[in-house]
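What follows is one structure encoded as structure tokens, with my remarks underneath.
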Ligand code: DGL
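Residue numbers (the numbering used here): 561 to 820.
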């Protein structure tokens, strides 16, 4: 099926997922919504996050998307159950990768950096309970990080200052794995490599989301099988599209302002 895959996030963060998806399935068309006007979602109430997720979903469905990736941990943990129950297309979500971290840690201590909205959600609580028994999980809200990344300051002094402040306490506790529980945070990896000791493993779920999307498309017989068709990649931002452009390294992508 040639219809596009729809992706949304509170801003530019979900482009970290889009990159994995495009690398794995270059033949698929995509439509990306960066709801930067409403970032950060992580500081909003569950009801507000749900309403924003519904708004984004309905716009992607108007544009005839065959599957929707909720490329935002905050929206997934607060809204994906509702979306799956109320719309017919398949939804793929992203949650902090507690399970892989629990399997890889040797010190039995892992850190999770995520938004307030993710860490306070029932879904996150249940996932941690299910997969992290016998493991100490140190949770830290990344307040302020998304705003700096949205401003293109992902390798700035301010970011490194915040990362030291947020991560030192869990490093002192002896974590050996750090879960990036927000799709904006892979853009912090260069700064994290400066701030973290070498033995700390950074765990993020971007590739797993792309692989899961492929598996669901295959199973639902929704893959684009017409290899002669050139895929289109359209990105919409409801703030400044030039900021979004800095996060997408694909010349053929079209990037527009849209008031949504
Ligand atoms: N990229 C987001 C996430 O994965 C949302 C960050 C925010 O808007 O607070 O949680």
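Glycine residues also receive a C-beta, built at the ideal position from the N, C-alpha and C atoms.
Asked	Found
Alpha helix (DSSP H) segment containing residue 664, residue limits	658–664
Residue 708 versus residue 702: straight-line alpha-carbon distance, rounded	11 Å
First and last residue of the uninterrupted alpha helix (DSSP H) at residue 612	606–622
Closer than 7 Å: residue 744 CB and nearest ligand 1 heavy atom	yes
Exposed unless 16 or more other CB atoms sit within 10 angstroms - verdict on residue 626	buried
Status (buried if at least 16 other CB within 10 Å, exposed otherwise) for residue 809	exposed
Minimum C-alpha distance to residue 668 - residue among 719, 696, 658, 681	696
Local conformation of residue 772 per DSSP, three classes	helix
Validate contact between the segment 572–580 and the segment 765–772 using beta carbons, cut 8 Å, 3 pairs	yes
Limits of the beta strand (DSSP E) - the one that residue 739 falls within	737–741
Which listed residue (705, 642, 585) has its alpha carbon closest to that of residue 774	585
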